[in-house]
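Asks: Following this message is one structure expressed as structure tokens.
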Amino acid sequence: MLKIISGGQTGVDRAALDTALKNHVPCGGWCAQGRKAEDGIIPAQYPVMALSNGGYDDRTLKNVQEADGTVIIYFGQPSGGTETTLHYCLQQKKPYLLLDAQKLDSGRAAQRIKEFSDTLAGGTLNFAGPRASDEPKAYPYASSVVDKFLMLHQDTDI
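The opening residue of the sequence shown carries number 10 in the numbering used here; numbering runs sequentially from there.
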């Protein structure tokens, strides 16, 4: 069964959660202590669990560990928390998929996620990428990608 998780940050994380909620797909994940995000406290509508003690890097690691695979969306070059996610995937020897939004339209990116998810042992996908202040296109791009992926996923699960 498919489940989408993320850290609840603005940008890619929120796009993945919003799209899952809109499509009635189970979602969640771990967020920083106090439900911190760049825009303040993560709203209660997002079913992410706050770490009792830990910041952004700690929640990134926890989401990588709990996922069956991680989808990393970036724009040209992974940096900041996006790069940290890749580091943790490598360190933990967890499957990951890199998607350069500057090179892939949302339909092709969704197809790659579908192909990637089909290779995984379980259905929990962690979505990671830049926050909104670092990349204004992160939310709309990720929202479109996840929406198209869910349509592809639904088509094969009927």
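Quick reminder that beta carbons are idealized off the backbone N, C-alpha and C, glycines included.
Got a sec? Which residues, its chain only, sit under 8 Å from G131 by beta carbon, not counting five neighbours each side?
Replies: Taking C-beta separations shorter than 8 Å and ignoring five residues to either side along the sequence, the partners of G131 in its chain run D77, following chain order.
Asks: Taking a contact to mean a Cβ-Cβ separation below 8 Å, would you say I13 touches N72 in this structure?
Replies: no
Asks: By Cβ distance below 8 Å, which residues in the same chain neighbour E8 in space, the five residues on each side in sequence not counted?
Replies: What the structure shows of the chain is the stretch from 10 to 167, and residue 8 is not part of that stretch, so it cannot be assessed.
Asks: Quick one: what's got a C-beta closer than 6 Å to A24's C-beta in the same chain, skipping five residues either side?
Replies: Y148, A151, S152
Asks: I'd like to confirm the pairing. Which residues does DSSP put opposite Y105 in its beta bridges?
Replies: T79
Asks: Given 8 Å as the limit, is there contact between the segment 102-111 and the segment 40-52, that is, 3 or more CB pairs closer than that?
Replies: no
Asks: Kindly give me the distance between the Cβ atoms of R68 and G20, rounded to whole angstroms, as I take these residues to be in contact under 8 Å.
Replies: Their Cβ separation, rounded to whole angstroms, is 15 Å, which puts R68 and G20 out of contact at 8 Å.
Asks: Between H162 and the rest of its own chain, which residues show a CB-CB distance below 8 Å, the 5 nearest in sequence each way excluded?
Replies: L11, K123, S126
Asks: Have a look at the DSSP bridge pairing and note the partners of I14.
Replies: Under DSSP, the beta-bridge partners assigned to I14 are G37, N135.
Asks: Residues in the same chain with beta-carbon distance under 6 Å from G63, minus the five sequence neighbours each way, listed in chain order, please.
Replies: Same-chain partners within the cutoff: Q42.
Asks: Out of P139, A141, L95, V154, state which residue places its alpha-carbon closest to the alpha-carbon of D114.
Replies: V154
Asks: When you compare only the Cα positions, how much space is there between A9 and Q111?
Replies: In the structure as shown, the chain begins at 10 and stops at 167. Residue 9 is therefore absent and cannot be evaluated.
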